[in-house]
């Protein structure tokens, strides 16, 4: 008989761990969940205190049988699923099918897949934590009740294939609410006055602040041109006097190590990765990569975490690394980033960090794919910088008077780079603005006075990064839910991605309006966040999971019955277009399909003619001269192609423009960035690019 059987979720993880444990251990993978609620029915006995009816997942029979066979041949079984609630629940289900008692010491937990971490975990098995299992079970049952009770209602009242979800419906509401804000936004005019000044041939800028009135400074808004003209007339260009100079220093502190949400946000902003792609890559480098001359090892700690905490051992090793490579001045002495908020303080995980700071990104680059390297480098830099000293700046702020008018100027100069040595951030303009040496009482030269008209802007649509940040701030969902939630609302066509921003579809708005009217709690941010807190309290053993579910269902069932009675069937009328069907002569109508809108003949089923809806740009295809059209991928992402597809295979993720490359006369594309609009040549050999300010 073999001595020990270790069960994990994934084959990749099993392969890595197997190399660490040696011949006395056999490591097998459950390949995710083995038991779940049935897809064909609710699977919850509401009358019997919401008792779930779990079944073996379809297709998992051979896996389950293999695990049973291996268990019979083993003296000891270890359940080493992921160190979170979902992982605990998987271990609980595995224990059930293998006939393991809940109080047996079978559960092993580790935050990183390294040899030391695995060997230490195997020495300290514990019983399965039923509180964590119950918290996950409550989440699963609540989600099933919402999904399986509301979704059929949407099918009957609107159309088949729709779904509602406890987290997804709130997410759609946030996107719809933002769109309403944008549509109802009324721009408001305001002005600014900028003085372009000079001292000792060093130019600098000062902005109008206000006026002196009764010996006091008063901030003055500039709502219109008349007010601006009045201020301009009162200025004396030959008498801009420095009245006050304040010098100081400021510190910019390093950021804490990544949590799941901050990693997803940064990967989206800095690397352009979707949440799905980020989590897939993070899973790969967590579970193990075959590193040349070292073997297979996990490069990062567990990537689903709300915590920023760092272990004492990791802090000590990183401190030594920083002192050895950058000098003592660059170390902050070591910081564990103990979580202070109630929710995070109860989290046993660490933040996301490299399993060893000695595995520098460039050292393992040849063993990684390009995208794996980019993500690992992002994580490594963030963690190393979190243990480094703050950056220090020399600052200067100046008040300049022209008669009774007050202008302000400020700037700063980097004095000590600190954590910026390894962690690049986008500097604010004032962080690198040079200022001349100024003295009180001296007059500075005025080169130009610039009045500028502005209009207030509507709130920006959510990007993946800003949506995740908002969900986290509101306490909606958990790290593991963000990526599947976003994928779901895109797949259901409730929202589209347009230039990396979420825009609700007509269908999404319709479903959201219905849910808001009849299921206010389901789409209420505060209610959903409070429910998440109760799930946390179940995990702490403070609540019975049945009580939480019963409290929710009591009110939910009432509004469900009202909705069933009051909601009439909503018919989505087809939008008639001017496009004529070439087969039967009828005006074609807009239909909704899996991948968006398309044109269809209303004479169906007699006439089955369909066409794609082409969103044409006034730009010729650089390959064949046809029209460039805007299209949408299966995942909802906007891209650009030729109207002559499939005869012409031109495609671009960036938007083509009419401008020709000034270097090679080739086609150009553009995309937005924080610094402005990036315009670049499509010819990789040319590589011309520039940034235009918007």
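Residue numbers (UniProt numbering): 1 to 694. No residue lacks a Cβ here, since even glycine has one placed at the ideal position from N, Cα and C.
Which word fits residue i, buried or exposed, when buried means at least 16 other C-beta atoms lie within 10 angstroms of its C-beta?
i: residue 618; result: exposed
i: residue 111; result: buried
i: residue 649; result: exposed
i: residue 325; result: exposed
i: residue 502; result: buried
i: residue 168; result: buried
i: residue 165; result: buried
i: residue 460; result: exposed
i: residue 24; result: exposed
i: residue 13; result: buried
i: residue 137; result: buried
i: residue 533; result: exposed
i: residue 479; result: buried
i: residue 477; result: buried
i: residue 82; result: buried
i: residue 457; result: exposed
Specify the secondary structure class of residue i as computed by DSSP and reduced to three states.
i: residue 366; result: helix
i: residue 136; result: helix
i: residue 171; result: helix
i: residue 554; result: helix
i: residue 51; result: strand
i: residue 280; result: helix
i: residue 258; result: strand
i: residue 387; result: coil
i: residue 679; result: strand
i: residue 471; result: helix
i: residue 201; result: coil
i: residue 176; result: helix
i: residue 689; result: strand
i: residue 110; result: coil
i: residue 494; result: coil
i: residue 527; result: helix
i: residue 208; result: strand
i: residue 191; result: strand
By how many angstroms is the C-alpha of residue j removed from the C-alpha of residue i?
i: residue 171; j: residue 471; result: 8 Å
i: residue 413; j: residue 433; result: 7 Å
i: residue 344; j: residue 468; result: Its pLDDT being 42, under 50, residue 344 is placed unreliably by the model, and the measurement read from it follows with that caveat. Roughly 17 Å between the two C-alpha positions.
i: residue 350; j: residue 68; result: 33 Å
i: residue 53; j: residue 39; result: 11 Å
i: residue 698; j: residue 677; result: With the chain running from 1 to 694 in the structure shown, residue 698 is simply not present.
i: residue 59; j: residue 278; result: 28 Å
i: residue 559; j: residue 519; result: 7 Å
i: residue 61; j: residue 22; result: 28 Å
i: residue 43; j: residue 91; result: 20 Å
i: residue 537; j: residue 661; result: 60 Å
i: residue 395; j: residue 691; result: 28 Å
i: residue 663; j: residue 680; result: 11 Å
i: residue 415; j: residue 423; result: 16 Å
i: residue 11; j: residue 31; result: 7 Å
i: residue 124; j: residue 682; result: 57 Å
i: residue 113; j: residue 327; result: 30 Å
i: residue 702; j: residue 577; result: Past the edges of the chain, shown from 1 to 694, lies residue 702, and the structure says nothing about it.
i: residue 673; j: residue 425; result: 14 Å
i: residue 365; j: residue 132; result: 38 Å
i: residue 523; j: residue 19; result: 47 Å
i: residue 337; j: residue 84; result: 20 Å
Between which two residues does the beta strand (DSSP E) carrying residue i extend?
i: residue 487; result: Looking at the DSSP string, residue 487 is not in any beta strand (DSSP E); the run it does join, the alpha helix (DSSP H), is 479-491.
i: residue 453; result: 443-455
i: residue 415; result: 405-416
i: residue 243; result: 240-252
i: residue 43; result: Where residue 43 is concerned, there is no enclosing beta strand (DSSP E), given that its DSSP letter is neither H nor E.
i: residue 629; result: 627-632
Residue i lies in the alpha helix (DSSP H); which residues open and close that run?
i: residue 33; result: Residue 33 -> no alpha helix (DSSP H), and no H or E assigned at all.
i: residue 65; result: 61-72
i: residue 19; result: 11-21
Looking at the C-beta of residue i, does it have a partner C-beta in chain D at a distance below 9 Å?
i: residue 374; result: Reference to chain D is not applicable here, since this structure consists of a single protein chain.
Q.
Within 8 Å, do at least three Cβ pairs link the segment 72-91 to the segment 100-109?
A. yes
message = Under 8 Å: do the segment 511-518 and the segment 172-182 share three or more Cβ pairs, one atom per stretch?
response = yes
Three or more C-beta pairs closer than 8 Å, one from the segment 440-450 and one from the segment 265-278: is that the case here? no
Practice task
Could you say if the segment 573-583 and the segment 598-610 meet the contact criterion of at least three C-beta pairs nearer than 8 Å?
Solution key: yes
Checklist entry - Using 8 Å as the Cβ pair cut-off and three pairs as the minimum, do the segment 542-550 and the segment 191-207 touch? => result no
Query raised in the report: Do the segment 376-388 and the segment 180-195 touch if we need at least three Cβ pairs shorter than 8 Å?
Result: no
Query raised in the report: Is the segment 349-363 touching the segment 295-315 in the sense that three or more CB pairs, one from each, lie closer than 8 Å?
Result: yes
With contact counted as at least three CB pairs below 8 Å, one residue from each stretch, are the segment 488-502 and the segment 136-153 in contact? no
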